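K.L.:
Before I ask anything, let me first share the structure, which is written out below as structure tokens.
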Amino acid sequence: MEAATPLPFALASRVRVHGERVLVEDLEVVDEAAVRLVREHRDPVRALLDMIEIGARVLDREQTGSEVEFVKAEFERQARVLETEFVDRARRVAERLDQKVDEAFGPEHGHVTRALQRHFGDESSVAVQHRVQAVVSEVAVQMREDLRKQFASDAENNPLAGFQRASLAMIKQSSDQQAERLGAMTAEMTALKIQLAELRAEKVKREELADVTERGAAKGRTYEEAVFEALDVVAVARGDDCDAVGDVRGQGGRKGDVVVAIDACAGPARGRIVFEAKDRKLSKNEALAELDGAIETRGADFGVLVVPSEDELPARTHPLREYNGDKLFVVYDPEEGSRLALEVAYGLARARVLMARDEAGGLDPAALRAEVERALQAMEDVRRVKSQLTNATNGIDQARAILDAMASSVRGHLAQLDALLAPAEDEEAH
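The sequence shown begins at 9 in the working numbering and counts up one residue at a time.
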């Protein structure tokens, strides 16, 4: 066991430290506050121990604070000394550094300044930039020359030789393809131009055809009206009824332009004649088919095709000649002002219809046929003289007088024909 260390104490008691314990013998405390606290505390021993422990800690803290103040004061003193020494040393170092810097970088006598002036000054021939510029220029010239030789060469050491050959091949191929495409495009453009020209020509033809068709339709309508007006005059003189039926639909169509009902002004019609006016040329078969259709559509007994000139008669046909016993062709030109040929055709058609319907036998067929032949012969003379009149330049007045006389003769024959037909009409009326 560690020996106890006696400590001096102001009281008569003895205090010993034994290890981690303090031994106090015959302790007497005369402090008023301590006596009061011990007296008031329930456990006097505990109160006394607390006072000793608390007092010990307070004394220890006070002692530590005293030491800290001492250390702090010592540090401040040493800091002031060190600061004084550092300032002095720093001043000497700065002076020495200024001297060395001035020796190295001084504007007039500095070693570095003189070296920089020598190596980088514009006046110095050995300046670094001049030497670098010379070296760079020399290297650039050499590099350009080497590159020119290398890239201009076709040798294998030229890295662009293959690329150049491939580029040339591609350029040639592209040029050939472009030339081929241009050729094809040129051919196509030429074909398109030709096609466009053909389309334009076709369009012009269509427009012209439409114009001609329109004019023809207008002309046809005008010619049809002129034929109706002429037939109406002829029909009224004979007591027949004349109707323009070009716009009226019949049985199965609109064929037939004018329908004449014989003796319809005095009673029931004794027969019907249909007239088809055409201002264009038809073939013979077409003309006959047209008249057959008109006869069927209008319920007529006889059909007459009327054209404005002999040039528009069907091929290999003649005017005022009967076909199939119920059809004939006639030329009527409204501009000439003569209805003679139309009157002859009208009279022949009327006679044929009445002869076919002569059920009582009151007509003289032989006399009628003879009169018809004479009328046709006279009409042929009229045509011949008319043709001569057209071609002749002399004797116009005499030829016209002969023509008028012949026309009167024809009308006389027609009147005689009507007179021969009159007894049969009277018998049918009774």
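Using N, Cα and C, we set each Cβ at its ideal position, and we do this for glycine too. Quantities reported herein were computed from a predicted structural model and do not represent experimental measurements.
(1) Report yes if the C-beta distance between Arg-278 and Arg-365 is below 8 Å; otherwise report no.
(2) Between Ala-252 and the rest of its own chain, which residues show a CB-CB distance below 8 Å, the 5 nearest in sequence each way excluded?
(3) Just checking my contact of Val-312 with Ala-245 at CB under 8 Å: how many whole Å lie between their CB atoms?
(4) For Lys-292, list the residues DSSP reports as bridge partners.
(5) Name the DSSP beta bridge partners of Gly-73, please?
(6) Going by alpha carbons, who is nearest to Ile-60 out of Ala-81, Leu-31 and Lys-80?
(7) What do you get for Thr-305, buried or exposed, if any count of 16 or more other CB atoms within 10 angstroms of its CB means buried?
(8) Does Ala-357 pass the burial test, meaning 16 or more other C-beta atoms within 10 Å, or should it be called exposed?
(9) Do you know offhand how far Arg-173's Cα is from Leu-204's?
(10) Counting Cβ pairs closer than 8 Å, one from the region 61-70 and one from the region 79-87, do we hit at least three?
(11) Drop a sphere of 10 angstroms on the beta-carbon of Asp-96, count the other beta-carbons inside from all chains shown, and report buried for 16 or more, exposed for fewer.
(12) In angstroms, rounded to a whole number, what distance separates the CA positions of Tyr-331 and Leu-200?
(13) Does the distance from the C-beta atom of Asp-412 to that of Val-361 stay below 8 Å?
(14) Could you check how far apart the C-beta atoms of Glu-320 and Lys-289 are, in whole angstroms? I think they sit under 8 Å.
(15) Would you kindly report the start and end of the unbroken alpha helix (DSSP H) that includes Leu-348?
(16) Write down the C-beta distance between Pro-483 and Phe-337 rounded to the nearest angstrom, noting that I regard them as a contact closer than 8 Å.
(17) Return the first residue and the last residue of the beta strand (DSSP E) that Arg-246 is part of.
(18) Would you grab the beta carbon distance between Leu-428 and Glu-379 for me? Rounded to a whole angstrom, and I think it's under 8 Å.
(19) Hey, out of Ala-302, Glu-344 and Val-143, whose CA is closest to Glu-257's CA?
(20) Kindly indicate which three-state DSSP category Gly-228 falls into: helix, strand or coil?
(21) Would you mind sorting Val-76 into buried or exposed? The rule is 16 or more other CB atoms within 10 Å of its CB.
(22) State buried or exposed for Arg-329, treating a residue as buried only when at least 16 other CB atoms are found within 10 Å of its CB.
(23) Look up Ala-81 in the DSSP assignment and say whether it is helix, strand or coil.
(24) Does the Cβ of Phe-283 have 16 or more other Cβ atoms within 10 Å, making it buried, or fewer, making it exposed?
(25) Which one or two residues does DSSP pair with Glu-330 in a beta bridge?
(26) Determine the DSSP secondary structure at His-421, reduced to helix, strand or coil.
(27) Going by CA-CA distance only, name the one from Ala-359, Arg-419, Ile-281 and Lys-213 that's closest to Leu-348.
(28) Do Ala-41 and His-49 have their CB atoms nearer than 8 Å?
(29) How long is the line joining the alpha carbons of Lys-211 and Gly-191, rounded to whole angstroms?
(30) Taking just the CA atoms, how far does Gln-186 sit from Leu-176?
(31) Hey, would you say Ala-238 sits closer than 8 Å to Leu-350, going by beta carbons?
(32) Assign Val-37 to one of three DSSP states: helix, strand, or coil.
(33) Who are the Cβ neighbours of Asp-334 in its own chain at under 6 Å, not counting the five residues just before and after it?
(34) Residues in the same chain with beta-carbon distance under 8 Å from Val-241, minus the five sequence neighbours each way, listed in chain order, please.
(35) So, with DSSP's three-state summary, where would you put Ala-252?
(36) DSSP has Gly-311 in a bridge; who is on the other side?
P.N.:
Let's see:
(1) Position 270 of the sequence shown, counting from 1, holds the residue named residue 278. Position 357 of the sequence shown, counting from 1, holds the residue named residue 365. Yes; because the gap between Cβ atoms is below 8 Å, this pair is in contact.
(2) As a working mapping, residue 252 is identified with position 244 in the sequence shown. Within the same chain, Ala-252 has close Cβ partners Glu-232, Glu-233, Phe-236, Asp-265 and Val-266.
(3) Within the sequence shown, numbered from 1, the residue matching residue 312 stands at position 304. Within the sequence shown, numbered from 1, the residue matching residue 245 stands at position 237. Incorrect: roughly 17 Å between the Cβ atoms, too far for contact.
(4) As a position in the sequence shown, residue 292 is number 284, starting the count at 1. DSSP output for Lys-292 lists no bridge partner at all.
(5) Translated into positions along the sequence shown, residue 73 becomes position 65. Gly-73 pairs with nothing; no bridge assigned.
(6) Taking the sequence shown and counting its residues from 1, the one referred to as residue 60 is at position 52. Selected option, being the one with the closest Cα: Leu-31.
(7) By 1-based counting over the sequence shown, the position of residue 305 is 297. The residue is buried, with at least 16 neighbouring Cβ atoms inside 10 Å.
(8) Numbered from 1 along the sequence shown, position 349 holds the residue referred to as residue 357. The residue is buried, with at least 16 neighbouring Cβ atoms inside 10 Å.
(9) Counting from one through the sequence shown, the residue named residue 173 turns up at place 165. Counting from one through the sequence shown, the residue named residue 204 turns up at place 196. Whole-angstrom Cα-Cα distance: 45 Å.
(10) no
(11) Within the sequence shown, the letter at position 88 stands for residue 96. Burial state of Asp-96 is exposed, judged by a 10 Å Cβ sphere holding fewer than 16 other Cβ atoms.
(12) If you number the sequence shown from 1, residue 331 lands on position 323. If you number the sequence shown from 1, residue 200 lands on position 192. Answer to the nearest angstrom: the Cα atoms are 53 Å apart.
(13) For the purposes of this step, residue 412 is identified with residue 404 of the sequence shown, where counting begins at 1. For the purposes of this step, residue 361 is identified with residue 353 of the sequence shown, where counting begins at 1. For Asp-412 and Val-361, no; Cβs fall outside 8 Å.
(14) Taking the sequence shown and counting its residues from 1, the one referred to as residue 320 is at position 312. Taking the sequence shown and counting its residues from 1, the one referred to as residue 289 is at position 281. The distance from the Cβ of Glu-320 to that of Lys-289 is about 5 Å, consistent with a contact at the 8 Å cut-off.
(15) The residue you call residue 348 lines up with position 340 of the sequence shown. Here the alpha helix (DSSP H) through Leu-348 covers 348-364.
(16) This structure does not reach residue 483, given that the chain is present from 9 up to 438, and the question cannot be answered.
(17) Translated into positions along the sequence shown, residue 246 becomes position 238. Careful: Arg-246 lies outside any beta strand (DSSP E) and carries neither H nor E.
(18) Translated into the one-based positions of the sequence shown, residue 428 becomes position 420. Translated into the one-based positions of the sequence shown, residue 379 becomes position 371. At roughly 7 Å, the Cβ-Cβ gap stays under 8 Å, so Leu-428 and Glu-379 are in contact.
(19) Sequence index remark: in the sequence shown, residue 257 carries index 249 (1-based). The residue asked about is misnamed: residue 257 is Arg in this sequence, not Glu. The residue from Ala-302, Glu-344 and Val-143 with its alpha-carbon nearest to that of Arg-257 is Ala-302.
(20) Walking along the sequence shown from the start, residue 228 turns up at place 220. Residue placement at Gly-228 cannot be trusted, given a pLDDT of 49 that sits under 50; what the coordinates show is reported in the next sentence. Here Gly-228 carries a helix assignment [DSSP, helix/strand/coil].
(21) Working through the sequence shown from its first residue, we reach residue 76 at position 68. Around the beta carbon of Val-76, a 10 Å sphere encloses fewer than 16 other beta carbons of the protein chains shown; the residue is thus reported as exposed.
(22) For the purposes of this step, residue 329 is taken as residue 321 along the sequence shown, with counting starting at 1. By the neighbour-count rule (16 or more Cβ atoms within 10 Å), Arg-329 is not buried but exposed.
(23) The residue you call residue 81 lines up with position 73 of the sequence shown. Here Ala-81 sits in helix by DSSP.
(24) By one-based count along the sequence shown, residue 283 stands at place 275. Its Cβ being crowded by 16 or more others within 10 Å, Phe-283 is buried.
(25) Locating residue 330 in the sequence shown gives position 322, where the first residue counts as 1. BP columns for Glu-330 point to Leu-336.
(26) By 1-based counting over the sequence shown, the position of residue 421 is 413. DSSP places His-421 in helix when its eight states are reduced to three.
(27) Here residue 348 is taken as the residue at index 340 of the sequence shown, counted from 1. Cα-wise, what sits closest to Leu-348 is Arg-419.
(28) Walking along the sequence shown from the start, residue 41 turns up at place 33. Walking along the sequence shown from the start, residue 49 turns up at place 41. Taking 8 Å as the Cβ cut-off, Ala-41 and His-49 do not qualify as a contacting pair.
(29) Residue 211 sits at position 203 when you count from the first residue of the sequence shown. Residue 191 sits at position 183 when you count from the first residue of the sequence shown. Taking the straight line joining both Cα atoms gives about 29 Å.
(30) Indexing the sequence shown from 1 puts residue 176 at position 168. Indexing the sequence shown from 1 puts residue 186 at position 178. Straight-line Cα distance between these residues: approximately 15 Å.
(31) In the sequence shown, counting from the first residue as 1, residue 238 sits at position 230. In the sequence shown, counting from the first residue as 1, residue 350 sits at position 342. It is a contact, given that the beta carbons lie within the stated cut-off.
(32) Along the sequence shown, one-based indexing puts residue 37 at 29. Residue state, collapsed to three classes: coil.
(33) The sequence position of residue 334 within the sequence shown is 326, counting from 1. Answer for Asp-334: Phe-310, listed in chain order.
(34) Numbered from its first residue, the sequence shown carries residue 241 at position 233. Correct list, in chain order: Arg-347.
(35) Walking along the sequence shown from the start, residue 252 turns up at place 244. Three-state result, Ala-252: strand.
(36) Residue 311 sits at position 303 when you count from the first residue of the sequence shown. In the DSSP output, where bridge partners are listed per residue, Gly-311 has Val-282 and Lys-335.
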